[in-house]
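Novice:
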Amino acid sequence: MTSGGYRGKILKVNLTDRTINVETPDENFYRLYYGGRALIAHYLLKEMKPGADPLGPDNVLVFATGPLTGGPFAGSGRNSVGARSPLTGAYGDGEAGGYWGAELKRAGYDAIVIHGQAAEPVYLWIKDDQVQIREASHLWGKKTADVEEAIKNELDEKGVRITQCGLAGENLVRYACVVNDLTHFAGRSGMGAVMGSKRLRAIAVRGTEPVPMADAAAVRELGRWLSQNVQDLAGGMRDLGTTGTVMSLNISGGLPTHNFRDGHFAGAEKITGETMRDTILKDRDTCFACPIFCKRVVETDEPYRVDPIYGGPEYETLAALGSLCGVDDLGAVCKAAELCNAYGLDTISTGVSIAFAMECFEAGLLEAKDTEGKSLHFGNSQALVELVEQITRQEGLGALLARGVKAAAEDIGPEAIALAMHVKGQEIPMHEPRLKHGLGLGYAVSPTGADHCHNLHDTAYTKAGGALKDIHPLGILEPIPADDLSLDKVRLYKQVTNWRTFSNCSVQCYFVPWKPHQTLALIQGMTGWNASLLELVQVGERAVNLTRCFNLREGFTAADDYLPERFCEAFTSGPLEGVAIDREALENARIAFYRMSGWDDDGVPSREKLYDLGLGWLAEDMAN
Amino acid sequence: MKVKVKVYGTLLTYVAEQKEEHELEVAEPVTAGELLKHLGIPEEEVWLLSVGKRQVSTSYEVTEGEELSIFPPVTGG
């Protein structure tokens, strides 16, 4: 085993036959897959039967940490949750902060791999090497805060950390999320529904062993340096968190509004991070070992009473439940967000689903008989809050929207399909491709469907500033305009997405301003490996190829790498009036990305490329 | 004349005491770009400038009583 960074154990749990085993991979396994996305994809390819029903017993659900998880420095408090996605049918994962991931490492495990399906609701209780499958029928149907409290009371153990699905997961809402420590969410891809389908309501963890570090002094020194300089390095992240971006995106014309029909919202000032800070912000929260405190805690009174125990909205939530639905009532947005959190719904997919229903209603594709008499016009804040309840319980129109916009549109009819904003079934996050054209390419080719995390945000690289300097070590030296889709942009996208996908494998936070050489130093300090930047980028690229091959195995093709037609239509108003993605340029960029990646024009990685990445076994599997 | 300047996000790290709102006494005419220099904010770190919620360029002449807002690039995660 390595001298640090890992615990060397993978916990394997089969909920059907209630067996618990521990796997102890060798060091080469860890060095090839690191953790997070690459590790999850490896287990899915090896252990999930092809064609497995995402909500059936054959799906494999993986909770994975990385080599940095649990280290004494900012950004180390995260974990991934992955499986075949019930929302897309493709590879799916989500990542959350908080404390649970670090606690799992302290308990002695790098990951948990879950097979099967329990006959009755259960939760897992992990106390170091003691692992129990416990009865959870009494927790079924409860809000996340009630489950958290009930488990902590019955375990009567200090420092227990809990991850869980909510009521939405139990009810198999296709975009149900996984909730860490009540206020941190592995939001995307419907991993909460996979938990719910396995009748696994929660995993409680308590660990007592610190994560080993090969060079503890070097790691601690870096952690101390960031803590001491956090104010200079993190700027306004403590003050406003991610919510600080509403205003500038609105001014730029890139604030997703009215189901992406518009990019500018007249009511934006009422839902900005500044307005939230100056009115209802009660506190700021953070994750394990992080001095930044970018998380929000809000509290409001009537007419929308919001409980601060569920934290508060981030940028994605403000936009998805606010401008995208045309709602400028901050109290209503926070109430809808609180309900999403209490029930375990991804706020992005929830907002996109509701905005889709609103546009369908305005277009006459949904009528009063479909909405129980509700007027679903954009801006109806009461309908927004009610629909979150309905989606969670799969009642009324909520039963349709709980399947995601792709499935809902197919049910409503051909005209609705043009209004369904998704890629591969994953609803579009709150970043506008007509503002960032490379991001549009990223949405199209992402293995998890539309994703903003492992994607390129073009606007960061339009000038020779610090963001560009940060990626000089990746070979990117020149700024490129945000609306460019040339070969140079494709190269920028490829390098950045490999790097950001590496972050999904080391499972570290994007918001901590570590430079690439510092991330490398943290990896070296934790593991003791003579790792290089090349190695880290290759881990990211390996994950991109593992997930690509998983999707190909499950029947996805190049035809699934598309962008909704709406993004190729020009805005008719606002600062980006007249701007659209050029369809031909996007198609050319997609093929160029395949070719730069060592894939053929159908998006299939070559045998040689897989061998190049140390994935010979996968090359042979793909050939058979 | 007096102009107001508001600095956002990571750009606060360039200004004294990370002060968000500034009221500056400057000689007319003054461009948005000159105000950036005045505050010590490198132009290449700025993604967007606005006056009255409308996007402007560095050559925009800021007039008495106007407020210039200065934003860094937006990413996601």
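Residue numbers (the numbering used here), protein chains in the order written: chain A, 1 to 624; chain B, 1 to 77.
Built from N, CA and C at the ideal position, the CB exists for glycine as well.
Report the neighbours of I581 (chain A) on chain B: residues whose CB is nearer than 9 Å to its CB, in chain order.
Specialist: Here the premise fails: no neighbours, minimum Cβ distance about 18 Å.
Novice: With C-beta atoms as the reference, is G9 (chain B) less than 8 Å away from G235 (chain A)?
Specialist: Yes, the Cβ-Cβ distance between G9 (chain B) and G235 (chain A) is below 8 Å.
Novice: Can you find the residues in the same chain that come closer than 7 Å, C-beta to C-beta, to E577 (chain A), ignoring five residues on each side of it along the sequence?
Specialist: Excluding sequence neighbours, E577 (chain A) sits near F571.
Novice: Any chance you could list the alpha helix (DSSP H) runs of at least 4 consecutive residues sitting entirely within the stretch 224-289 of chain A, in chain order?
Specialist: The stretch 224-289 of chain A contains these whole alpha helix (DSSP H) runs: 230-234, 237-240, 245-252 and 273-279.
Novice: Going by DSSP, what residues sit across from R134 (chain A) in a beta bridge?
Specialist: According to DSSP, R134 (chain A) bridges with A:Y123.
Novice: Work out the CA separation of S137 (chain A) and E154 (chain A) for me, nearest whole Å.
Specialist: Going from the Cα of E154 (chain A) to the Cα of S137 (chain A) covers about 14 Å.
Novice: If you measure from the beta carbon of G36 (chain A) to each beta carbon in chain B, is any gap under 8 Å?
Specialist: Cβ-Cβ to chain B under 8 Å: no for G36 (chain A).
Novice: Taking all protein chains shown into account, do 16 or more other C-beta atoms lie within 10 angstroms of the C-beta of T183 (chain A), making it buried, or fewer, making it exposed?
Specialist: Looking at its Cβ environment, which holds 16 or more other Cβ atoms inside 10 Å, T183 (chain A) is buried.
Novice: In angstroms, rounded to a whole number, what distance separates the CA positions of C294 (chain A) and L586 (chain A)?
Specialist: Their backbone Cα atoms lie some 35 Å apart in a straight line.
Novice: By DSSP, does A111 (chain A) sit in helix, in strand, or in coil?
Specialist: A111 (chain A): strand per DSSP, three-state reduction.
Novice: Within 10 Å of its beta-carbon, does P433 (chain A) have 16 or more other beta-carbons around it, so buried, or fewer, so exposed?
Specialist: The residue is buried, with at least 16 neighbouring Cβ atoms inside 10 Å.
Novice: Please state whether DSSP places P57 (chain A) in a helix, a strand or coil.
Specialist: It is coil, neither helix nor strand.
Novice: Using C-beta distances below 7 Å, list every residue in its chain close to R106 (chain A), excluding the 5 sequence neighbours before and after it, in chain order.
Specialist: Here the set comprises G70, G207, T208, E209, P210 and V211.
Novice: What would DSSP say about Q538 (chain A), mapped onto helix, strand or coil?
Specialist: Reduced to three states, the DSSP call for Q538 (chain A) is helix.
Novice: A90 (chain A) to L39 (chain B), Cα distance in whole Å?
Specialist: Straight-line Cα distance between these residues: approximately 49 Å.
Novice: If you drop the 5 nearest sequence neighbours on each side, which residues of the same chain put their C-beta closer than 6 Å to that of L249 (chain A)?
Specialist: Hits under 6 Å: L255.
Novice: Please name the residues in the stretch 293-320 of chain A whose beta-carbon is closer than 9 Å to at least one beta-carbon of chain B, in chain order.
Specialist: So the list reads Y315 and E316, given in the order they occur along the chain.
Novice: Nearest by alpha-carbon distance to G440 (chain A): which of A:I391, A:R590, A:H472 and A:V512 is it?
Specialist: Closest option to G440 (chain A), Cα to Cα, is A:R590.
Novice: Please classify K49 (chain A): is it buried, with 16 or more other beta-carbons within 10 angstroms of its beta-carbon, or exposed?
Specialist: Per the 10 Å Cβ criterion, exposed.
Novice: To the nearest angstrom, report how far apart P73 (chain B) and L419 (chain A) are at their CA atoms.
Specialist: Using only the alpha carbons, I get a separation of about 29 Å.
Novice: For chain A, find out if any of its Cβ atoms is closer than 8 Å to the Cβ of G33 (chain B); answer yes or no.
Specialist: It does not; no Cβ of chain A falls within 8 Å.
Novice: When Cβ atoms are compared, which residues of the stretch 70-89 of chain A fall closer than 7 Å to chain B?
Specialist: From the stretch 70-89 of chain A, no residue has a Cβ closer than 7 Å to chain B.
Novice: Name the residue from A:Q228, A:N79 and A:L397 whose alpha carbon lies nearest to the alpha carbon of A357 (chain A).
Specialist: Nearest option by C-alpha distance: A:L397.
Novice: Which value, in whole angstroms, describes the spacing of the CA atoms of F63 (chain A) and G35 (chain A)?
Specialist: So the alpha carbons of these two residues sit roughly 10 Å apart.
Novice: To the nearest angstrom, report how far apart A409 (chain A) and V544 (chain A) are at their CA atoms.
Specialist: About 29 Å.
Novice: Does any residue of chain A have a CB that is nearer than 8 Å to the CB of V15 (chain B)?
Specialist: It does not: the Cβ of V15 (chain B) has no partner Cβ on chain A nearer than 8 Å.
Novice: Does DSSP put I625 (chain A) in a helix, a strand or coil?
Specialist: With chain A represented from 1 up to 624, any question about residue 625 (chain A) goes unanswered, as that position is not in the structure.
Novice: List the endpoints of the continuous beta strand (DSSP E) containing K463 (chain A).
Specialist: Counting along the chain, K463 (chain A) falls outside any beta strand (DSSP E), and DSSP gives it neither H nor E.
Novice: Go ahead and pull the three-state DSSP assignment for H431 (chain A).
Specialist: Coil.
Novice: For R277 (chain A) and G311 (chain A), I'd like the C-alpha separation in whole angstroms.
Specialist: Those two C-alpha atoms are separated by around 13 Å.
Novice: With DSSP run on the structure shown, which of helix, strand or coil describes T300 (chain A)?
Specialist: It is a strand residue.
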